[in-house]
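Throughout the sequence shown, residue numbering follows this note's numbering, covering 4 to 119 in sequence.
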Amino acid sequence: MAAKELRDPALSILAVLAGGRRHGYAILKEAEQLSGGRVVLKVSSLYAALDRLEKDGLVERAGDEIADGRLRRFFTLTDVGADALRREAEHMEAQAKVTRERLALRRTAALAGGAA
4 MAAKELRDPA LSILAVLAGG RRHGYAILKE AEQLSGGRVV LKVSSLYAAL
54 DRLEKDGLVE RAGDEIADGR LRRFFTLTDV GADALRREAE HMEAQAKVTR
104 ERLALRRTAA LAGGAA
């Protein structure tokens with residue numbers, strides 16, 4: 004698979020699955036929690052995203068089970084998915100570093116009386 008930039012909700016789904024095997028409802032709830040409420044998935048968009056991620060080899064189905072009288076479809080992160088998530092985290096860290104550096108330059112320029 005060619006390296007693609009991951010965007011929410013895919014990034015959130017992969018981050019949840021990095022914690023282990025989960026069923027759809029658990030993915031919904033954990034994605035919202037991990038994102039501080041920024042990512043709120045609907046069931047239809049979750050399964051559409053999971054289908055795309057599965058097609059791309061980033062996640063795989065990990066069985067079905069009955070829980071609380073409902074059929075739950077489980078998913079897990081693949082090694083390819085873990086590598087993609089790791090690359091995206093590194094990219095995000097590099098972007099954050101550059102942003103902090105640029106903000107520090109702005110602050111320095113403002114203190115020196117330059118244009119801010």
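The beta carbon of each residue, even a glycine, is placed where N, CA and C say it ideally should be.
Just how far apart, CA to CA, sit residue i and residue j?
{"i": "G84", "j": "R73", "result": "28 Å"}
{"i": "R64", "j": "L9", "result": "20 Å"}
{"i": "A119", "j": "E93", "result": "Model confidence at A119 stands at a pLDDT of 49, short of 50, so the residue's coordinates are unreliable; what they give is reported in the following sentence. Cα to Cα, the separation comes out at about 29 Å."}
{"i": "R55", "j": "R110", "result": "43 Å"}
{"i": "L88", "j": "L17", "result": "7 Å"}
{"i": "S33", "j": "R75", "result": "It should be noted that the sequence gives Glu, not Ser, for residue 33. Their Cα atoms are separated by approximately 16 Å."}
Given a cut-off of 7 Å on the beta-carbon distance, is the pair residue i and residue j in contact?
{"i": "L61", "j": "A21", "result": "no"}
{"i": "E35", "j": "V46", "result": "no"}
{"i": "A52", "j": "A13", "result": "yes"}
{"i": "L49", "j": "L31", "result": "yes"}
In or out: residue i buried (at least 16 other Cβ within 10 Å) or exposed?
{"i": "V19", "result": "buried"}
{"i": "L108", "result": "exposed"}
{"i": "S15", "result": "buried"}
{"i": "A97", "result": "exposed"}
{"i": "E68", "result": "exposed"}
{"i": "A115", "result": "exposed"}
{"i": "E91", "result": "buried"}
What residue from the options has the CA that sits closest to residue i's CA?
{"i": "D71", "options": "Y28, S38, L17 and D11", "result": "Y28"}
{"i": "H26", "options": "A112, H94, V101 and F77", "result": "F77"}
{"i": "P40", "options": "K58, K100 and D11", "result": "Residue 40 is actually Gly in this sequence, not Pro. Cα-wise, what sits closest to G40 is D11."}
Task: 3 or more residues per run - each beta strand (DSSP E) lying fully within the segment 42-113 - done: 62-70 and 73-80
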